[in-house]
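In what follows, a single structure is set out as C-alpha cells and then discussed.
Residue numbers (my numbering): 385 to 960.
As C-alpha cells, this is what we get:
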C-alpha cells in the first residue's frame with residue numbers, strides 16, 4: 385500500500401552536449417535560482433494546506449550535478465503509494481529536448497508532468513502559434529506552465545496533479561506576481577554542497593525597463609520592475625545561515641536598477657555586524673558607477689564579484705541591438721570605479737552583430753584587452769532566443785534558424801550572418817576567445833590585479849583557468865561547466881543510438897585524462913606566473929592603458945571602432 389505520501393519531484397534538467405549526452409559534472413558552478421524559487425514556493429503551498437490532509441514530500445534536484453534516473457523516481461513514487469508529480473523547472477531552450485525526453489519516461493508511467501521556464505514562457509509570449517515541440521508536449525499530456533509561480537499560482541498545478549488531471553496550459557504571463565512577502569528562494573544544503581564554491585542563489589527583483597532586442601527577460605518577466613523587501617532579504621540570509629550557507633549568486637539581471645538597492649545593502653551591512661556576513665556575486669549595468677554610493681555600499685554589503693553586460697565595445701552594434709544604455713565613452717571610468725575596491729569583474733560579450741566582420745571582431749577584442757580592466761569575458765554568439773524580439777522577427781520572416789534547440793546555449797551558431805560565412809563566424813568566436821585568454825593577456829590581467837593591490841589573486845587564477853579551459857577543453861561555456869565530467873552510456877538523447885561499451889568508455893577515459901591534465905597544467909602555469917609577479921620588487925609600479933584614467937576623447941574605444949553614433953554625439957556636445 386505504501387505510505388500514501390504524495391511525492392513531488394522538482395527537477396532542473398540539463399542540456400545535451402554535442403555527442404547527445406546530458407551535460408553533467410561531479411561538481412557544478414552556477415546554482416539554479418529557478419529551482420530554489422520553486423522549492424520555496426511549493427514548500428509554502430504545502431504549508432498552506434493546498435493538498436488538504438494529504439501528506440507530501442518534496443525532492444529538488446539539479447541534473448547538472450545529479451543523476452536523474454526516471455526509472456528510480458518512478459519506483460520511489462510507487463513505493464509510497466503511486467501518487468506523485470514531476471515538475472521540470474526553469475527549462476531554457478537548450479534544455480528543452482532533454483526535458484521532453486525525461487517527461488516522456490514519466491508520462492509512460494502515467495505520472496503527471498509539467499514543464500515551465502523561459503522556453504515555454506518565451507514562445508507563448510512572443511509567437512502567434514505554439515511551436516511543434518510545445519504541441520508535442522501537450523499531445524503527451526504534459527502541462528505547460530508559462531509565467532511565474534508566486535501568488536499561489538502553483539496551487540492549481542499541485543491540485544490537478546494530485547487528481548491526475550493536468551491542464552494543457554497554465555498561462556500566467558498577462559499579470560506578473562508581487563514579490564514583496566513572496567516565498568523565499570531556498571535550496572537544501574545537500575544540493576548547495578554540489579556546487580564547487582558552495583554558492584546558493586536568490587533574486588530580489590524581476591523585470592527590466594530596457595529594450596535590448598536579444599533579451600528574453602523583458603518579454604517573460606515584463607518591463608515593469610518588481611522587488612522583494614529588505615525583510616525578505618533578511619529572511620533569506622538567516623534561513624540559509626541556519627544551513628551553514630553564506631555565499632550567494634544574486635540573479636537579478638541588473639541589481640543597480642533595483643529601487644531598493646540601498647535598503648538591501650544597509651540590511652546586509654547590519655546583518656554582517658550581527659554575525660551574519662555574506663559574499664555576493666551580483667549583476668549590474670554599465671551605468672551603475674554613476675549612482676552615488678552604489679559601489680561602496682555593494683562592497684560593504686559583501687559583493688566581491690561583478691558581472692557586467694558589456695556586450696560589445698562597438699557603439700554602432702550596441703545601438704542596433706537597442707542596448708543604448710551602454711555608453712562606450714564611459715567604459716574606462718566605469719571599470720576603474722569598481723577597481724578602487726578588490727573586485728573581480730566578468731563581462732558578457734556578444735559576437736555576431738550585423739555589422740561585425742572577422743577583422744572587426746578581432747580588432748575590438750584587442751581594444752578591449754588594451755583599454756579596459758576586465759578580468760574575464762564570457763563570450764556569446766548573438767543568438768535569437770525564443771522569447772526575444774530577434775527570434776520573433778526571424779521567425780515571422782521565415783529566416784533559417786537551427787532546428788536543434790540544444791544548440792541555443794549562446795555558445796553555438798544557430799543562424800547565418802549577413803556579412804560572415806558560417807565558418808568565418810565560428811572562427812571569429814574561437815579566435816576571439818583564444819586572443820583574450822592568451823598567456824600574454826592573462827599575464828597582463830594578473831599584473832593589473834597585483835598593481836592595484838587586489839586580494840583576489842587566487843579568485844582570478846581560478847576563474848582564468850575555468851573560463852579558458854571550459855571552452856578549449858570541454859567545448860562548453862564556463863558558466864555551465866564544473867569539475868570532472870560525468871557521462872552515462874545509457875543516457876543519450878532519444879534520437880541517437882546507445883554506443884557500444886568499449887568505444888564509449890575508451891573515448892570517455894581519453895577525454896577525461898586530457899581535460900584534467902590540460903586544466904592542471906594551465907593552473908600550475910598561472911600559479912607560477914603569479915608567484916613570479918609577486919616576487920618582482922617593482923610589481924606595484926606596473927601600469928598600462930586600462931588602469932590609467934584618461935579623457936574620453938583619448939579612448940581608442942571611440943577612435944578605433946569607427947563609431948558613427950558616438951562621433952555624432954560628440955559633435956552635438958561640442959555644438960552645444
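A virtual CB, placed ideally from N, CA and C, is assigned to each residue, including glycine.
- One Cα belongs to residue 885, the other to residue 690, and the distance between them is close to 44 Å.
- No Cβ-Cβ contact shorter than 7 Å links residue 568 with residue 653.
- Here residue 633 is bridged, per DSSP, to 585, 665.
- Straight-line spacing of the CA atoms in residue 591 and residue 608 works out to 5 Å.
- The shortest C-alpha to C-alpha distance from residue 844 to any of 864, 821, 860 is the one to 821.
- In the DSSP secondary-structure assignment, residue 393 is bridged to 443, 470.
- A straight-line Cα-Cα distance of about 15 Å links residue 894 and residue 859.
- Of all C-beta pairs linking the stretch 437-455 to the stretch 387-396, three or more are shorter than 8 Å, placing the two stretches in contact.
- Residue 799 counts as buried, since at least 16 other C-beta atoms from the protein chains shown sit within 10 angstroms of its C-beta.
- From the listed residues 429, 494, 433, 435, the smallest Cα separation to residue 461 is found for 494.
- Distance from the CA atom of residue 687 to the CA atom of residue 889, rounded to whole angstroms, is 43 Å.
- Residue range 760-765 is occupied by the beta strand (DSSP E) that includes residue 765.
- Residues of the same chain with a CB within less than 8 Å of the CB of residue 521, apart from the 5 flanking positions on each side, are 484, 487, 499, 528 in chain order.
- Of 806, 780, 898, 472, the smallest CA-CA separation from residue 740 is found for 806.
- Out of 728, 631, 474, 905, the CA that lies nearest to the CA of residue 760 is found in 728.
- Using a 10 angstroms sphere on the CB of residue 804, the tally of other CB atoms reaches 16 or more, which defines it as buried.
- Rounded to whole angstroms, the separation of the alpha carbons of residue 481 and residue 448 is 15 Å.
- For the pair of segments examined, the stretch 580-590 was found to touch the stretch 628-639: the number of CB pairs separated by less than 8 Å reaches three.
- Counting other Cβ atoms within 10 Å of its Cβ, residue 409 reaches 16 or more and is therefore classed as buried.
- For residue 907, the enclosing alpha helix (DSSP H) stretches over residues 885-918.
- In the DSSP secondary-structure assignment, residue 611 is bridged to 589.
- The beta-bridge partner set that DSSP reports for residue 695 consists of 733.
- Per DSSP, the beta-bridge partners of residue 728 are 689.
- No Cβ-Cβ contact shorter than 7 Å links residue 736 with residue 600.
- Under DSSP, residue 406 takes part in a beta bridge, and its partners are 400.
- Secondary structure of residue 555 (DSSP, three-state): strand.
- Nearest to residue 553 by alpha-carbon distance, out of 395, 523, 662, is 523.
- Distances from the alpha-carbon of residue 610 to those of 566, 577, 562 put 562 closest.
- Linking residue 564 to residue 467 through their CA atoms gives a straight-line distance of about 33 Å.
- A direct Cα-to-Cα measurement between residue 645 and residue 664 gives close to 14 Å.
- Assigned with DSSP and collapsed to three states, residue 536 falls in coil, not helix or strand.
- Secondary structure of residue 867 (DSSP, three-state): strand.
- In the displayed model, residue 834 falls within a helix according to three-state DSSP.
- One alpha carbon belongs to residue 790, the other to residue 923, and they sit about 46 Å apart.
- The bridge partners DSSP lists for residue 579 are 412.
- Residue environment analysis places residue 490 among the buried positions, since at least 16 neighbouring C-beta atoms fall within 10 angstroms of its C-beta.
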